[in-house]
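Here is the structure we will look at.
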Amino acid sequence: MTVEQNVLQQHSQKHQQTLLNQLREVTGTTDVQLLQQALQVSNGDLAEAVAFLTEKNAKVPQQDETTYYQTSQVASDKYISVGSQADTNVIDLTGDDKDDLQRAIALSLEESNRAFRETGITDEEQAISRVLEASIAENKASLKRTHTEVWSDSPNPYDRKRIDTCPVGLKNVGNTCWFSAVIQSLFNLLEFQRLVLNYSPPARVHDLPRNQKQEHRNLPFMQELRNLFSLMVGSKRKYVDPSRAVEILKDAFKSSESQQQDVSEFTHKLLDWLEDAFQMKAEEDREGEKPKNPMVELFYGRFLAVGVLEGKKFENTEMFGQYPLQVNGFKDLHECLEAAMIEGEIESLHSAENSARSGQEHWFTELPPVLTFELSRFEFNQALGRPEKIHNKLEFPSMLYMDRYMDRNRDITRIKREEIRRLKEHLTLLQQRLERYLSYGSGPKRFPLADVLQYAMEFASSKPVCTSPVEDIDSSAPPGGTTGQPLPPPSTAEQDSLPALETSGPASGLSAPPAAAQQQRVPIHKPFTQSRLPPDLPMHPAPRHITDEELRVLEGCLHRWRSEVENDTRDLQGSINRIHRTIDVMYSDKSMMQVPYRLHAVLVHEGQANAGHYWAYIYDPHQRCWMKYNDISVTKSSWEELVRDSFGGYRNASAYCLMYINDKKPFLIEEEFDKETGQILSGMEKLPPDLKQYVKEDNELFGKEIEEWDALQARKAQQEKLALATAAAAAAASAAASISTSSSSPQPMSIESSPPDNTAPQQDPEYMEQPSPTNDSKHLQEDTERAISRAAAEQEERSPEALLNAAIKLEYARLLRFAQEDTPPENDYRLQHIIVYFIQNQAPKKILERTLLTQFADRNLAFDERCKSIMNVARAKLDLIKPDEVNMDEYEMWHQAYRNFRETTIFMMSGLELFQKTNYMEALMYLIYSYQYNKELLSKGLYRGHDEELLGYYRRECLLKLNEQAAAMFESGEEAEVSTGLGIMNELVVPCIPLLLIHDTERDLLAVEDMRNRWCSYLGQEMESNLQEKLTDFLPKLLDCSTEIKSFHDPPKLPAYSTLELSERFSRVMAALGRVPTEAR
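Going by our numbering, the sequence shown opens with residue 1226, and the numbers climb by one from there.
Here it is, written out as structure tokens:
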């Protein structure tokens, strides 16, 4: 075969597969044979094929054996990606005007075919192009977004530094989570990793039989993939950027459209590109021999199609890559595989009779080392004209034995399948019989028969307790409550209809009312009292007439029947359980457990058919645990978490791709050994020289970034230390001048004569009430003066130093009582005095003493000689404290911690106030920052911050309220309202979702799920095309499960509060909350 013929054949094969995919999407038909038959009948004209498949009363033309062979036969060198889905436009087939519909289809398909003939690019390739265009466009557009929408790296390189040998993540550069999931799964196949890292491009590229397009598509991409893999091996970064590899993929195809596409398309095409690249190298290395392609040997297998067409048998060998499995209607992976291996009616396949039935079986003749299953969780809804996701639960094992699907076990498997079929038929009959026992009766309500017999026995055994039906009812208030008249006597007809037992009772002796009373009675229609109730009724249902002998016989029968029913039910349940166990162990013998495949990776999709997020669970055989690869985040996981996210049926998340590896081929996941030393190669040792240099240069760049950051932080620390030293020197000079002035001049010191020194560290902090033209400082002054007055009254020695010591002890004792008191949330004494905060958080004694001295050294106390002298003594004591006695850095650290506590309190208080006023947009930022700051405070101590659950509750509620408002605006359909609603989501809600996901608390996860479900529910509704477009563009952002934090608005500016104002306002806000959702600490 010439080069030109080979190229034409490849294009023809791809084009035929594309036509099948288009026809499948347009008509919704999944039967491959029927699709091939339609194409055969229409001679490749898709418009006629569509008409053939959609005609209601069309009869399927008969095929002869030769035709069937032609449509089924596959060349030995053809690699089939089974079940790939082309990205075709959705065509509405529900319209009444079929002529117009057919013309539209014909025009669309004609243009598609013409594009293929002119460019050589199939619709499948264009679909991939659209995916990549969307990703790159999203990445570039992110540079132009507002500050609230940008995904940004942390400025601190230590936040981006890899910890030891933790796996490296991949940055999501714009709707590329699918790229990360697939690449990480392949990278963790160490054999595949080695193939990529050690790949070298062909030396004679231009002489190879490949066209220019393929050359530029494969080789540059392979080089970027090598670079990416090398960084994932040896980088010192926590995650790396795959943009250059994605750029190469984007440049491979040309398309003006952009949308997110099913990741299976990307996986198919990626393997095709890798196969082409390795084929080029293999052909160069093995001239004159049949080249072996490592990608084919790793990912491709063979199956034998054994079929019968109108009684005539045939066999055909085909190759496969990713094997597609239908999910709908099956409960586990084996059921999916059993259904996929059998098509049509197969009774005639192993029957001696010449039957007219047709069907085929698939038997694997050769399984690839890496066995990949595509779970088809998307189906086309013809009524709605769009694909929908199937959320059904599907279980799959961690170890899969493929023996029952192998051709060499064909005979024994058929026997076992026949046995299972017979058992299931018997099982169905037993379940039907059991159902008659468990749901007994003929009406709409049915009950277990054993319970029915038990109720009958209880009824028969009940003793009748007769009493008046109106004994417990007030005779003056008959039903209705409108009259106090007695009940009328029963009519003659009613009396005649009463049983003899009732008429002969005491009621029969009642005398008739006087005629005058009857004449005065006004007839009133009373529906509840017109029909006279029997005068004697039992309080509970019970038999009226039953003898002891009858009761004894009846109880005996009911007991016996109930025992028989219970025994029959147990026997049926036991038989059903035994059949289930027999089916479960049908393939458990050793002969059918020789082909083990272990689950290597699970690729998960969360969302709907046209929007969602992807991540992967990959097994680490060295740590013997599952790892979760979610873009830049790589964390340890568990089988339980994998089951929750992958089986489906629980949330919108479910597995769409399963990657199993042959457990008898350990080279797939084994580390490489040094040939000389025998030691395991790890890290940079794995890399060839060119990649070692590449990674080394990147690590050096990152190292320089860390050095620059360290230098910047060192300069900042030096500047702060210098400023602190300067402030301390100025404070000392100020204190010395103050003492000198007071000793030389007995005149009182006024506030005006000593301006505050803003640079002194012992200058009273803002929260210690600085001199102010307002009354902000009165609160602390009054406490201090009260302590001095009490000390003067209790202390015999009147010296200033003795009074100071006594006053400090009294003030400390008062504050200690506050710190030890159990108070409601609205009375937080920490806001009233810093010492309470210090005591509760066990600050060092020296810090407490200096802080109290600072309180008594306040110049605002100098109103009389006694306070003035105590103030001077306190200031002198402060000056006498040596640096080795009180660490000023530690002192400043504690005071800074208190300032942070006050700021967090103001954030919290402002957010709660705005929330109470239903101003959720402004409240959100206050609540977000208060929660984050408060979490940092609580990490250092229980009493460093506020109730975390309280803040988490209102943060969560605020986001839910905003989501509700935005959804209501979207539902209005008005352009301005829709834009405003989506703006709220994009600028406020979506950037905050990672904050709820990162801590993985159940309530936060449920809140995120509620928000996502609200927007996903619109996918099934009819709406304007512009709204549908906006929703499709918005949903991937909402459904992104990455915990990478987006940067959003800067913290709001905080107002200044005095201690008294802050305490009172905080108390009002907390009291207004009413029932606090969490218990007060």
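Ideal placement from N, C-alpha and C gives every residue a C-beta, glycine not left out.
Since the model is a prediction, treat every value here as computed from it, not as a measurement.
Cα-Cα separation, residue i to residue j
i     : j     : result
T1542 : R2239 : 49 angstroms
P1467 : L1395 : 7 angstroms
M1566 : W1588 : 7 angstroms
M1631 : M1682 : 58 angstroms
P1519 : F1503 : 7 angstroms
V2294 : P2049 : 13 angstroms
T1966 : E2051 : Unreliable placement is indicated for T1966, whose pLDDT of 47 sits below 50; no coordinate value is reported for it.
G2177 : V2233 : 13 angstroms
E2128 : H1847 : 47 angstroms
K1917 : L1420 : 16 angstroms
S2288 : Q2057 : 6 angstroms
E2227 : L2221 : 10 angstroms
Y1822 : H1616 : 26 angstroms
L1523 : I1637 : 28 angstroms
C1882 : L2231 : 26 angstroms
G1173 : R2124 : As shown, the chain starts at 1226 and ends at 2306. That puts residue 1173 outside it, with no answer to give.
V1677 : I1771 : 20 angstroms
Close Cβ partners of residue i (< 7 angstroms) along its chain, the five nearest in sequence each way excluded
i     : result
P1392 : M1852, V1859
Q2020 : A2027, L2028, A2031
M2134 : R2290, F2291, V2294
E2173 : N2159, K2160, L2163
G1459 : G1908, M1909, L1912, V1920
Given residue i as reference, the closest of the options once Cα atoms are compared
i     : options                    : result
M1457 : L1499, G1526, K1386, N1877 : K1386
S1601 : M1627, S1879, D1389, E1535 : S1879
V1595 : L1414, V1677, R1803        : L1414
G1873 : E1791, D1773, L1558        : L1558
V1533 : S1583, N1397, L1562        : S1583
R2039 : D2053, I2060, D2047        : I2060
R1619 : E1901, N1553, L2298        : As written in the sequence, residue 1619 is Leu, which differs from the Arg given in the question. It is N1553.
V1531 : F1446, E1586, M2236        : E1586
K1494 : F1404, K1537, F1539, Q1551 : F1404
A2253 : L2207, E1901, E2046        : Note that residue 2253 is Gln in the sequence shown here, rather than Ala. Q2253 has its Cα closest to that of L2207, out of L2207, E1901, E2046.
P1673 : S1687, R1658, S1686        : R1658
N2251 : A2082, E2200, E1896        : E2200
D1845 : S1862, V1829, H1838, D1856 : S1862
L2005 : S2024, D2083, Q1944, D2053 : D2083
K1614 : N1877, I1645, E1775        : N1877
T1390 : L2279, F1412, K1461, S1410 : K1461
Q1418 : D1384, L1453, I1388        : L1453
Own chain residues within Cβ distance below 8 angstroms of residue i, not counting five before or after
i     : result
F2323 : Residue 2323 lies beyond the range of the chain shown here (1226 to 2306); nothing can be said about it.
Q1235 : Interpretation of Q1235 is limited by its pLDDT of 45, a score under 50 that renders its predicted location unreliable; the figure taken from the coordinates is listed afterwards. Closer than 8 angstroms at the Cβ level, and outside the excluded window around Q1235, lies no residue.
W1864 : S1623, W1851
L1648 : I1804, T1807, I1808
Sequence-distant residues of the same chain with beta carbon closer than 6 angstroms to residue i, five excluded per side
i     : result
D1628 : N1634, M1817, Q1819, V1820
S2197 : none
V2244 : Per the sequence shown, residue 2244 should be read as Leu rather than Val. Excluding sequence neighbours, L2244 sits near Q1833.
F1555 : C1561
A2191 : G2206, I2209, M2210
P1382 : E1930, I1931, W1934
T1492 : V1407
Contact with chain B by residue i, beta-carbon distance below 7 angstroms
i     : result
N1397 : The question asks about chain B, but that chain is absent: this structure has only one protein chain.
Item to check | Cβ contact (3+ pairs, closer than 8 angstroms) linking the segment 2028-2036 and the segment 2088-2099 | outcome: yes
Item to check | Minimum length 4: unbroken alpha helix (DSSP H) runs contained in the segment 1833-1902 | outcome: 1864-1871
Next on the checklist: For the structure I just gave you, are there three or more beta carbon pairs, one from the segment 1649-1665 and one from the segment 1777-1797, closer than 8 angstroms?
Outcome noted: yes
Checklist entry - Looking at C-beta atoms only, is the number of pairs between the segment 1804-1819 and the segment 1669-1685 that lie closer than 8 angstroms three or more? => result no
Checklist entry - Do the segment 2073-2086 and the segment 2100-2120 touch if we need at least three Cβ pairs shorter than 8 angstroms? => result yes
Next on the checklist: Using 8 angstroms as the cut-off, can you tell me whether the segment 2201-2221 makes contact with the segment 2259-2266, which would need three or more C-beta pairs spanning the two stretches below that distance?
Outcome noted: yes
Next on the checklist: When you compare the segment 1637-1647 with the segment 1783-1795, are there three or more beta-carbon pairs, one atom per stretch, that lie closer than 8 angstroms?
Outcome noted: no
Checklist entry - Which runs of the alpha helix (DSSP H), 4 residues or longer, sit entirely within the segment 2234-2265? => result 2250-2264
Item to check | 3 or more residues per run - each beta strand (DSSP E) lying fully within the segment 1383-1415 | outcome: none
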